[in-house]
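Take 605 as the starting number for the sequence shown in my numbering and just add one per residue.
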Amino acid sequence: MKATHKLLFVLCPMLVLVFIYYSSGKLHLYVWGQKPLMDQQGFLLDGKLPQELVYKYGNLTAANCKQGYAAAKMTAIYPKFVQPAPMFLDRNFKRLAKVTKFLPPFGFKSQERIIDTILTTTKKYGLSPELDSMSCKRCIIVGNGGILANKSLGPRIDEYDVVVRLNEAPVKGYTKDVGTKTTMRITYPEGAIQKSERYEKDSLFVFIAFKPLDFKWLRHMIFKEKLVRMMVSFINATYA
C-alpha cells in the first residue's frame with residue numbers, strides 16, 4: 605500500500621469521528637435518541653402546560669374567561685416570556701433598556717426622538733378604562749383571509765371582550781360573518797387602511813413598526829405632513 609493511501613486510510617475515519625462528534629453536540633445528541641427541548645430561539649418544542657395548570661383550566665367551559673391562562677400558556681411555550689412588559693409604548697418607553705439597544709424591528713434604537721414626538725401628542729396609551737378594569741378578558745383575533753366567509757359567526761365574535769382585527773380586515777358589509785365590534789386594529793404602513801373614514805371611531809389604532817421608515821410614516825400621518833416623493837416611492841417598492 606502506498607504511503608498516500610495509508611495516510612488517507614488513517615485520516616478518513618478520523619474526519620468521520622470528528623464530524624459525528626460536532627454534529628451530535630449541535631443537535632443536542634439527537635442522533636443518539638435524546639430529543640432537543642428547545643429550538644434555536646429558545647421556544648420549547650413541547651409547549652404543554654404543567655399538570656397543575658391543566659387541572660386548573662381544564663374544568664372551565666369554553667365560555668368562561670380563564671384568568672392567567674394566556675400568560676401561563678405563553679410561559680410554557682417560551683420560558684423567557686416576561687409578563688410585566690407593557691403592551692403599548694408610553695412616555696416612559698426609555699425605561700425599557702433591552703429594546704432601546706436594538707434597531708427596528710427588534711427595538712427602537714435611533715428612533716427615540718420620533719417616538720417621543722409622537723407620544724407627546726398622544727392622549728391615550730392603551731385600552732379603555734372599562735376594559736382595563738376587567739380582571740379577565742376574552743380575546744379573539746380576526747384576520748382578512750376570507751376564511752369566515754358565509755360562516756355566520758358575527759354574533760359569536762361580538763361576544764368576546766376584545767376583538768382584534770388585522771390590517772385591512774373588512775367589517776362593513778360583512779358583519780354577519782365577522783361581527784360589528786372592533787376593539788383594536790393592528791397594522792403597519794403597507795397594510796393600513798388608506799381612507800380615514802373606514803376606521804372604526806371607537807376602536808384603538810395599534811401601530812406595528814418594522815423599519816425606521818415606518819416611524820416616519822406614522823409621524824406624517826399624525827401631524828398631517830406631506831409625504832415627499834422619495835418616501836412614497838420607497839413605500840410602493842417595498843409593498844410591491
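C-beta atoms are modelled at their ideal positions from N, C-alpha and C, and glycine is treated no differently. Given the structure is predicted, the values throughout are model-derived calculations rather than measurements.
Inter-residue spacing [alpha-carbon to alpha-carbon] between residue i and residue j
| i | j | result |
| --- | --- | --- |
| LYS830 | HIS824 | 7 Å |
| ILE797 | VAL775 | 12 Å |
| SER599 | THR787 | Lying outside 605 to 844, the shown extent of the chain, residue 599 is not represented and no answer is given. |
| LEU757 | ARG717 | 44 Å |
| GLY747 | ALA674 | 19 Å |
| LEU817 | GLY777 | 33 Å |
| PRO690 | LEU723 | 15 Å |
| CYS743 | LYS713 | 31 Å |
| LEU770 | ILE745 | 8 Å |
| LYS820 | THR704 | 18 Å |
Residues bridged to residue i (per DSSP)
| i | result |
| --- | --- |
| ARG769 | VAL746 and ARG789 |
| PHE811 | THR791 |
Among the options, nearest to residue i - alpha-carbon criterion
| i | options | result |
| --- | --- | --- |
| LYS799 | ALA675, LYS815, GLU772 and GLY777 | GLU772 |
| ALA813 | LEU707, GLU656, ALA680 and ARG695 | LEU707 |
DSSP three-state assignment for residue i, whether helix, strand or coil
| i | result |
| --- | --- |
| LYS630 | A caution first: LYS630 carries a pLDDT of 49, below 50, which makes its placement in the model unreliable, though a value can still be read off. It is helical. |
| VAL686 | coil |
| TRP636 | Because TRP636 carries a pLDDT of 49, less than 50, the predicted location of this residue cannot be relied on, and the following value inherits that uncertainty. It is helical. |
| SER800 | helix |
| ILE826 | helix |
| ALA676 | helix |
Beta-carbon separation (whole angstroms), residue i vs residue j, contact threshold 8 Å
| i | j | result |
| --- | --- | --- |
| VAL768 | GLY783 | No, VAL768 and GLY783 are not in contact; Cβ-Cβ is about 12 Å, not under 8 Å. |
| PRO709 | LYS815 | 7 Å |
| PHE697 | ILE719 | 6 Å |
| ALA676 | LEU657 | 5 Å |
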